[in-house]
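Asker: Numbering (this note's numbering), first residue to last: 36 to 578.
All C-beta atoms, glycine included, are put in the ideal place defined by N, C-alpha and C.
Computed from a predicted model, the values in this text were never measured in an experiment.
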């Protein structure tokens, strides 16, 4: 047996075969697991203090830390004062296990201990002086900022200080105020995916802290220590980031279940080499989304209040992408949150959303190829809720109201500063968490499916066109021609295109083919869930 002695703690290194160990035999780690001592051993050891045990199954060595002080302090004390130097991997593994001991599962303690032992193997020399708390705090902030910037992280080489830094960096990765100050709105999916694999997961930044302490998702506390896994980190953190600024009720309404979620085969899961499916023209989606938003303002009859969950018709491509339901959360005036849910009701993505085309922080979670469809789907649902109310979500309750709701859009740190004007409602549309509704009545959905089969999309394009005013030379005609050309230039600019050349105009994207008179066209005009009809029409078209 080898023993490392400090004033209030002792580390026993015991070979399970009973033979004497040498320092060389513990110089490298084997297959570590966290274990509970046998009852007889526990009674004997507890007379001298609390017990933490790691077992190297490969080398059949038990590492038992007995301490009369907190385990983390005990590891620091032994590393600093023991007569013989503690192997670096053992110091880091013990500190990691000590930080997690009693607060999470043995499986997670094992994961942390193995990670720390492996991490220690990346370094050769270990200066003996440990870092002070102030030095570690400064190092952690610089390391976390470097990590999100995709730059090398500065790290101490003293084992216990390094273990402390990894926990501190992970804590900052889940600190909303710290992350908000980094202005990560420029963190796109591609860069984030690279950071996840290359830096964030490998450094433990995404998963160490939630295994040992509660985290806050928006304003809601999540005690996930026993449920959290390494695999859950890459799915939960983008949702956590999207919900910065959400209240407790908003966060709990967006994240279902309110717990770490395992990786899933849904919209945001894109393995290397993934080829996106065919999608409708993004500019057409954007044009229709704005049209839906304008209709919501012009024809508003309902003010949504609460949590609304709409089940998507099975024939929409969104369902094939793993998105079975849309959820809009309107718990505070002027603040809207959106969540995409799987068939099982699990949150795929959650983010603040505006019905005016402003793209907030959904960008990192929703692939660019899918964002136009997602935004159109949310805009269409919003339009139907505001204009058609319970006719669009059958079974939803209403009550009469008399006031206009106007509130600044401050639901997210990067939200646009201009006010979000909600409609002048005649009625409040009341949504309740846990109630999922069919989007549109069955008869209307049948009409919509039939109409969607006959439509096709017309892209935005330049078209040769001679204005009547061009044939006249008077001042009034010149002024009219100027206005017409400015309007055409503005339409083109909406889609990132230059002004039409002389002799041309610009035609915005639109849908063609929804009946040519008669009963079919009348049926289409009578559909109240017009947002769903627009969504079904554009999704019937591929670009």
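Does the beta-carbon distance from residue 110 to residue 84 come in below 8 angstroms?
Answerer: Counting from 1 along the chain shown, the entry for residue 110 is found at position 75. Counting from 1 along the chain shown, the entry for residue 84 is found at position 49. No.
Asker: From which residue to which residue does the beta strand (DSSP E) around residue 101 run?
Answerer: Looking up residue 101 in the chain shown gives position 66. 96 to 102 is the extent of the beta strand (DSSP E) around residue 101.
Asker: Check this for me: beta carbons of residue 174 and residue 201, under 8 angstroms apart or not?
Answerer: As a first step, residue 174 is located in the chain shown; it is residue number 139 there, counting from the start. As a first step, residue 201 is located in the chain shown; it is residue number 166 there, counting from the start. Cβ atoms of residue 174 and residue 201: not closer than 8 angstroms.
Asker: What do you get for residue 450, buried or exposed, if any count of 16 or more other CB atoms within 10 angstroms of its CB means buried?
Answerer: Taking the chain shown and counting its residues from 1, the one referred to as residue 450 is at position 415. Only weak support exists for where residue 450 lies, its pLDDT of 43 falling under 50; the coordinates are left without a value.
Asker: Do you know whose CA, among 269, 421 and 315, lies nearest residue 299's CA?
Answerer: Along the chain shown, one-based indexing puts residue 299 at 264. Out of 269, 421 and 315, 269 has the C-alpha closest to the C-alpha of residue 299.
Asker: Assuming residue 540 and residue 507 form a contact by the criterion Cβ under 8 angstroms, report the distance between their Cβ atoms to the nearest whole angstrom.
Answerer: Working through the chain shown from its first residue, we reach residue 540 at position 505. Working through the chain shown from its first residue, we reach residue 507 at position 472. With 8 angstroms as the limit, residue 540 and residue 507 do not qualify as a contact, their Cβ atoms being about 18 angstroms apart.
Asker: Which word fits residue 378, buried or exposed, when buried means at least 16 other C-beta atoms lie within 10 angstroms of its C-beta?
Answerer: Residue numbering aside, residue 378 sits at position 343 when the chain shown is read from its first letter. When all chains shown are included, residue 378 counts as exposed.
Asker: If you run the structure through DSSP and keep just helix, strand and coil, what is residue 581?
Answerer: This structure does not reach residue 581, given that the chain is present from 36 up to 578, and the question cannot be answered.
Asker: Quick one: Cα of residue 180 to Cα of residue 147, how far?
Answerer: The sequence position of residue 180 within the chain shown is 145, counting from 1. The sequence position of residue 147 within the chain shown is 112, counting from 1. The straight-line gap from Cα to Cα measures roughly 23 angstroms.
Asker: Within the same chain, show all residues whose beta-carbon is closer than 7 angstroms to that of residue 261, passing over the 5 residues directly before and after it, in chain order.
Answerer: For the purposes of this step, residue 261 is taken as the residue at position 226 of the chain shown. Only 139 and 140 meet the Cβ criterion.
Asker: Identify, in the order they occur along the chain, each residue of the same chain with its Cβ nearer than 7 angstroms to the Cβ of residue 522, setting aside the five sequence neighbours on each side.
Answerer: Start at 1 with the first residue of the chain shown, and residue 522 comes out as number 487. None.
Asker: Taking just the CA atoms, how far does residue 133 sit from residue 273?
Answerer: For this step, residue 273 is matched to residue 238 along the chain shown. For this step, residue 133 is matched to residue 98 along the chain shown. Cα to Cα, residue 273 sits roughly 29 angstroms from residue 133.
Asker: Hey, how far is the Cα of residue 326 from the Cα of residue 394?
Answerer: As a working note, residue 326 is residue 291 in the chain shown. As a working note, residue 394 is residue 359 in the chain shown. The straight-line gap from Cα to Cα measures roughly 16 angstroms.
Asker: Thinking just about the alpha-carbon of each residue, which of 420, 288, 188 and 193 is nearest to the one in residue 205?
Answerer: The residue given as residue 205 occupies position 170 in the chain shown. Comparing Cα positions, the closest option is 188.
Asker: In whole angstroms, give me the CA-to-CA distance for residue 149 and residue 68.
Answerer: Within the chain shown, the letter at position 114 stands for residue 149. Within the chain shown, the letter at position 33 stands for residue 68. One C-alpha to the other measures close to 8 angstroms.
Asker: For residue 389 versus residue 330, is the C-beta spacing smaller than 8 angstroms?
Answerer: Position 354 of the chain shown holds residue 389. Position 295 of the chain shown holds residue 330. For residue 389 and residue 330, no; Cβs fall outside 8 angstroms.
Asker: Look up residue 346 in the DSSP assignment and give the residues it is bridged to.
Answerer: The residue labelled residue 346 in the question sits at position 311 within the chain shown. DSSP output for residue 346 lists 360 and 473 as bridge partner(s).
Asker: Put residue 570 into one of helix, strand or coil per three-state DSSP.
Answerer: Counting from 1 along the chain shown, the entry for residue 570 is found at position 535. Three-state DSSP puts residue 570 in a helix.
Asker: Can you tell me whether residue 55 is buried or exposed? The criterion is at least 16 other CB atoms within 10 Å of its CB, across all chains shown.
Answerer: As a first step, residue 55 must be located in the chain shown, where it is residue number 20. Exposed.
Asker: For residue 289, which of helix, strand or coil comes out of DSSP?
Answerer: Your numbering for residue 289 matches position 254 in the chain shown. Helix.
Asker: In chain order, what residues of the same chain lie with their CB nearer than 7 angstroms to the CB of residue 552, ignoring the 5 residues before and after it?
Answerer: Within the chain shown, the letter at position 517 stands for residue 552. Summary for residue 552: the model assigns pLDDT 48, below 50, so the residue's position carries little reliability, and this model does not support an answer.
Asker: Under 8 angstroms, do residue 473 and residue 364 count as touching if we go by C-beta distance?
Answerer: The residue given as residue 473 occupies position 438 in the chain shown. The residue given as residue 364 occupies position 329 in the chain shown. No.
Asker: Near residue 426, which residues of its chain fall below 6 angstroms by C-beta distance, leaving aside the five closest residues on each side in sequence?
Answerer: What you label residue 426 is simply residue 391 of the chain shown in a count that begins at 1. Counting only Cβ-Cβ distances below 6 angstroms, and skipping sequence neighbours, we find 563.
Asker: Give the secondary structure of residue 354 by DSSP, where H, G and I count as helix, E and B as strand, and everything else as coil.
Answerer: The sequence position of residue 354 within the chain shown is 319, counting from 1. In this structure, residue 354 counts as helix in the three-state DSSP scheme.
Asker: Taking the alpha carbon of residue 361 as the point to measure from, which residue in 382, 421 and 423 has its own alpha carbon closest?
Answerer: Sequence index remark: in the chain shown, residue 361 carries index 326 (1-based). Comparing Cα positions, the closest option is 382.
Asker: Under three-state DSSP, which class holds residue 383?
Answerer: Counting from 1 along the chain shown, the entry for residue 383 is found at position 348. Strand at residue 383.
Asker: With distance defined between alpha-carbon atoms, name the residue in 196, 543 and 341 nearest to residue 528.
Answerer: As a first step, residue 528 must be located in the chain shown, where it is residue number 493. Nearest of 196, 543 and 341 to residue 528, Cα basis: 543.
Asker: Kindly indicate the opening and closing residues of the alpha helix (DSSP H) around residue 320.
Answerer: Here residue 320 refers to the residue found at position 285 when the chain shown is read from its first residue. Here the alpha helix (DSSP H) through residue 320 covers 317 to 333.
Asker: Could you say which of 211, 198 and 203 lies nearest to residue 172 if we only look at CA atoms?
Answerer: Indexing the chain shown from 1 puts residue 172 at position 137. Among 211, 198 and 203, the Cα nearest to that of residue 172 is on 203.
Asker: How should residue 340 be labelled, buried or exposed, when 16 other C-beta atoms within 10 angstroms of its C-beta is the threshold for buried?
Answerer: Working through the chain shown from its first residue, we reach residue 340 at position 305. Label assigned to residue 340: buried.
Asker: From what residue to what residue does the alpha helix (DSSP H) around residue 255 run?
Answerer: As a first step, residue 255 is located in the chain shown; it is residue number 220 there, counting from the start. Per DSSP, residue 255 belongs to no alpha helix (DSSP H); it is in the beta strand (DSSP E), 255 to 257.
Asker: Kindly indicate if chain C contains any beta-carbon less than 8 angstroms away from that of residue 463.
Answerer: Within the model displayed, chain C is absent; a lone protein chain is all it includes.
Asker: With DSSP as the reference, label residue 137 as helix, strand or coil.
Answerer: In the chain shown, counting from the first residue as 1, residue 137 sits at position 102. Looking at residue 137 - three-state DSSP - the assignment turns out to be coil, as it is neither helix nor strand.
Asker: Looking at the structure shown, is residue 428 part of a helix, part of a strand, or coil, going by DSSP?
Answerer: For the purposes of this step, residue 428 is taken as residue 393 along the chain shown, with counting starting at 1. Reduced to three states, the DSSP call for residue 428 is coil.
Asker: Are the Cβ atoms of residue 136 and residue 87 separated by less than 8 angstroms?
Answerer: Within the chain shown, numbered from 1, the residue matching residue 136 stands at position 101. Within the chain shown, numbered from 1, the residue matching residue 87 stands at position 52. Against a cut-off of 8 angstroms, the Cβ pair of residue 87 and residue 136 comes out as a contact.
Asker: Use the C-beta contact count for residue 479: other C-beta atoms within 10 angstroms, 16 or more gives buried, fewer gives exposed.
Answerer: Residue 479 sits at position 444 when you count from the first residue of the chain shown. Per the 10 Å Cβ criterion, buried.
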